Amino acid sequence: MADQTIKLLVIDDEPIVGKRLKQAFMKMGIEVETFTDPIEAMNAIKQKTFDIVVTDLKMEGMDGMTILERVQKLNPKAKVIIITGYAQVDTASEAFRKGVFDFIPKPFRLEELKNVILRAMSGTLSENNKST
Amino acid sequence: MNILNSLKHIFGGGKTEGESAPLPAATAFERFRDVLRCNNSALELIADLGEKLSGDYIFDRQYIYNTMEGLEKAVLQSVHALNALCNNKYQILYSTYDRLTMRLNTVMENREDRDGVPVINIAGTSRSHYIIMGGKNAHLSQMLHELNLKIPEGFILTTRAYHDLIDHNGLRETLNAFETAMEASDCTVETLEPLRHSLEQGIHNAQPPDGLLSAIAEELKNLQSVFGEDLRLAIRSSAQEEDMYFSFAGQFKTILNVSSTPMAVFKAYLQVVASLFSPKALRYRLRVFPGEGHMSIAAGCYRMVESNASGVIYTIDPADPGSDAMIIVSTWGQGEAIVEGRVPVDTFHVQKKPPYSVVSQNISHKNTGLYPKEEGELSESAIPLELRNQPSLTASQIERLASYAMQIEIYYKRPQDIEWAIDRNGDIYILQARHLVIPATAGNKGSLADALKKYELIVSDSGSVAQQGIGTGQVHIVDTISDLNVFPDGAVLVSKRDSSNFIRVMHKTAAIVTEIGTPVSHMATLCREFQVPCLVNVTDILTKVSDGMEITVDAEDRRIYKGRVVELLAFKTATDLNISATKEFRLLKRLLDNVSSLKLVDPLMDEFTPEACETYHDLLRFIHEKAVAQMVEMGKDERRLLKDYRAVHLDLPIPTGILLIDLGGGIDATVTGDKVTFTAVTSEPLKAILEGMLFPGVWHTKAANVSFGDLITSIVNVPTDALAGQYSGHNIAIISKGYLNLSLRFGYHFNIIDAYCSDMTRDNHIYFRFLGGATDITKRSRRARMIAIILEAFGFNVASKGDIVTGRSGNMPKSEIIRTLNILGRIVGFTRQLDVQMDSDAQVERYAEAFLMGDYEIIGR
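Those protein sequence lines, which keep their order, are chains A and B.
All residue numbers for the first sequence refer to this note's numbering, where the first residue is 1 and numbers rise by one.
All residue numbers for the second sequence refer to this note's numbering, where the first residue is 1001 and numbers rise by one.
This is the structure in structure tokens:
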């Protein structure tokens, strides 16, 4: 049987976000890698297949929207979730048009993101099962 | 005939001098509500910030900045609103506001370590000093003041002294450049070298800032007067973050066995400070706090304990973090040899529960130990032959050490690494306590989720997180406050509702679970302050656990397991993922220390002043209180009220003579005429009071047996307030749907009740004042005491002076306010004429007891 461990990648230029998410999702049995530098994160995405990518919107170097586009090109199955402290309706609808899985304004309860990730996971797992 | 009214004419009643014309009642009420509104928006922001600290949220720096900005504005609005209500009487609050806001800016800029005194005795330290004491000293202060453990006597050279040292020796610019360099993402010890080196040299050659040597001399003199001239000191480093989230173990210098002269202490101090810039310490800092440049250092100057035996305790076994044993390592002489691994040691595995039995022990052959040298420092000496194979601790010493260690672990809610010493008198001293850090075992990833499956879940995905964390222990159900008196160390507190009274046991609680409650309650705030893992609003928890049952609370994933979940305990010990160590988290915590703690607790105490406000929360509390006080006085100006408003008579089956002035929603709008009955009253607080007064048996019509002497007293001794015009001819109730200001005069005594109730718990208040009586001051005071006893029993803050009793209560849900007002109604009725019966002190207790038992008929008997 294929390894069904979900692989999650978190990109946020504030270390607290990645640290917190890593702590929470590791406990759920998810494999988590965190990056504060979006360029480094993209390099990692090129090397390895992640099921879920959680990214900040506004970052130095590369913004979340660009990450969304590139991830979709590299791995169309990956679910991208954008989190942002600068929530704007425009950006949200643009992100949804571009196929973001969900869009969450900061600050948010861990529970909210957890639920979004669980939804993303159930999709991923059923797709994986279909393909095996 | 109305004696008081006649007296009022003689002495001239009316307004108090020096006050400008009061606002019309309706305007005052409107502005009062403005104050509540403003206070609420500020308090909501504070609650919002507090919740983020629970660990259950993802937030970033921007959130902190934005919210703090909003909060500053909101608090200023509250100050405006109070002044609008009170005719600008509280201008002083603007400077209070400025003081607090400036302090917060200092915290935001990470500069609060520059405030305060350069030298302070550890005995005189408290919470507010922690920030300038450094982590290690702050922990010792907690050992001493919170846990009542013995620590060596001594004093602290604070971070303020460090900044003085930097400035006095012209090192500020170099330090600024150094800190900026450390913030760079590509910073290494090598790139820092030139700056680092010049700081280290600059410190080694530094001259003492003005006043430092004399302050040290003063402290030394005091210590010498107790411990003698030949007192020796240990000068220990205590950097800002040392021993807090990361141990910094062995990174900074400690100088032992220093002679007690100011110059020797200063020289040793310089070595400690210089170690902040050692390559070793910098490498560590770059690893644990990457991108952070600022860190200051304090030092603790403690008496050297001449130890018979000393050592280290790990409250968990790093090799088996989930097990039920701690490790005590011990040797003869000074303990420094142990952490340096220089001498043979005894090792004891000891159970973490009373009676702290030794599970296993390894007694080594201890041929050498460390002892102080005459000329300073320590040297290795031979241990006397007969002691070499003897255990360095007795069974009873082990038991005491273990119980102290558990006290400390439970207080900090994390496994601890504790250094201790036992002196020649057998006294145990705690030298240091810090979190025990065990790296998460690699390759363990993902297995936790599987491991947890084998435990029985009592609760899953239920309730809200008030404070994140993991705690395990035996259930102790708290029904009434008295259950807290027998709270076992390390138990899990389970209760129907939450209460800020739980603070009494928070230092020994593993976790708290409540069936109702919210993450924004006072208790939740306290849980965050004390880092107590806490779940609230957990449905039916009381039916799922019982007293003494062992459970593990995971207040991260909102789960409660039966038994001890060792895997979770091991997970908790892995601190490389410790969220509270991050910069944003620490900033938010420090800000909240200066925003949300409440120092002004009792409005009836003398300290309830603008000067005493230490936080925004204090200021808001003060504003609320003064707004209430302003409203309390509203009923005073009876003539004007009756001129401005149409008053209607309240027709009750008992003769109260109450006139109603309705500001809106207090009387059923469909009722017309000059008289209304009880059923037409729609003011909720008034209705509650009247229900209390009309409660069967409360109102006694039987004329009190007033003696001739009592009658004379009542004519001659009019309470002073009556002369100020507070006694009025009518009983007036100013009401609205949720508000009541009631001035009641029955016979010769006077009540004011001011109350507000709404769905917003924190807006609600009750103010109660009682004074006067027909009899002599002794009898009146007895009645006042009786009222005070009753009020206290119902949770009021009470102040009494002679025959005046003032009670304050509030911040409770509407239903509680209504229930309490009903009780006040009963008190008013019950005590109406009681003073004449107060012919002995014994009556005070007797009548209070009768009232509390509901035996209102006692008066008629």
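We treat Cβ as the ideally placed atom computed from N, Cα and C, and that holds for glycine.
This structure is a prediction, so every number in the text was calculated from the model and none was measured.
DSSP state of residue i mapped onto helix, strand, coil
i       : result
B:P1354 : coil
B:I1516 : coil
B:C1534 : strand
B:I1363 : coil
B:E1218 : helix
B:G1369 : strand
B:N1731 : strand
B:K1801 : strand
B:C1038 : helix
B:N1066 : helix
B:H1168 : helix
A:K22   : helix
B:R1808 : strand
B:R1232 : strand
Best match in the options for proximity to residue i [C-alpha to C-alpha]
i       : options                            : result
B:I1623 : B:R1037, B:A1021, B:P1024          : B:R1037
B:A1309 : B:N1731, B:G1426, B:T1174, B:E1816 : B:G1426
A:P107  : A:Q72, A:L8, A:I16                 : A:I16
B:A1511 : B:C1534, B:V1520, B:R1528, B:V1343 : B:C1534
B:H1204 : B:S1275, B:L1484, B:G1228          : B:S1275
A:D37   : A:K58, A:G29, A:K27, A:D12         : A:D12
A:A95   : A:M59, A:L68, A:L9                 : A:L68
B:Q1351 : B:G1333, B:I1327, B:Y1162          : B:I1327
B:V1288 : B:D1186, B:K1583, B:Q1837          : B:K1583
B:I1058 : A:A44, A:K22, A:E33, A:L74         : A:K22
B:I1398 : B:S1330, B:L1448, B:G1376, B:R1434 : B:S1330
B:L1043 : B:M1853, B:R1621, B:I1654          : B:R1621
B:A1234 : B:E1218, B:L1256, B:E1219          : B:L1256
B:Y1412 : B:G1666, B:E1380, B:V1505, B:P1355 : B:V1505
Short CB-CB distance (under 8 Å) between residue i and chain A
i       : result
B:Q1531 : no
B:Q1390 : no
B:L1448 : yes
B:T1518 : no
B:D1557 : yes
B:A1850 : no
B:V1584 : Looking at the sequence shown, residue 1584 of chain B is not Val but Glu. Yes, its Cβ sits closer than 8 Å to a Cβ of chain A.
B:R1590 : no
B:K1150 : no
B:K1052 : yes
B:K1445 : Since pLDDT at B:K1445 reaches only 45, below the 50 mark, its modelled position is unreliable, and the value read off the structure follows with that caveat. Closer than 8 Å: yes.
B:Y1130 : no
B:A1442 : At B:A1442 the pLDDT is 38, less than 50, meaning the model places this residue with poor confidence; the figure from the coordinates comes in the next sentence. Closer than 8 Å: no.
B:Y1063 : yes
CB contact flag (residue i, residue j, <8 Å)
i       : j       : result
B:R1559 : B:E1550 : no
B:I987  : B:T1573 : Only positions 1001 to 1861 of chain B appear in this structure, which leaves residue 987 of chain B out of reach.
B:V1305 : B:Y1429 : yes
B:G1673 : B:N1822 : no
B:A1281 : B:F1252 : yes
B:Q1240 : B:D1417 : no
Residues that residue i contacts on chain D, provided the C-beta gap is smaller than 9 Å
i      : result
A:L113 : Among the protein chains in the structure shown, which are A and B, there is no chain D.
Proximity test, Cβ basis, 8 Å: residue i and chain B
i      : result
A:K27  : yes
A:R119 : no
A:R97  : no
A:E14  : yes
A:Q72  : no
A:I83  : yes
A:R107 : Note that residue 107 of chain A is Pro in the sequence shown here, rather than Arg. Taking Cβ atoms only, chain B reaches closer than 8 Å to A:P107, which makes this a yes.
A:L110 : yes
A:K7   : no
A:K19  : yes
Every unbroken alpha helix (DSSP H) within the region 1811-1842 of chain B, with a cutoff of 4 residues, ordered by chain
The region 1811-1842 of chain B contains these whole alpha helix (DSSP H) runs: 1814-1831.
Could you tell me which whole beta strand (DSSP E) segments of length 3 or greater appear in the region 1731-1791 of chain B?
DSSP runs (the beta strand (DSSP E)) wholly in the region 1731-1791 of chain B: 1731-1736, 1739-1746, 1749-1756, 1765-1772.
Those runs of the alpha helix (DSSP H) which lie wholly inside the region 1260-1307 of chain B and span at least 4 residues:
Uninterrupted alpha helix (DSSP H) stretches at least 4 residues long and entirely within the region 1260-1307 of chain B occur at 1262-1274, 1279-1288, given in chain order.
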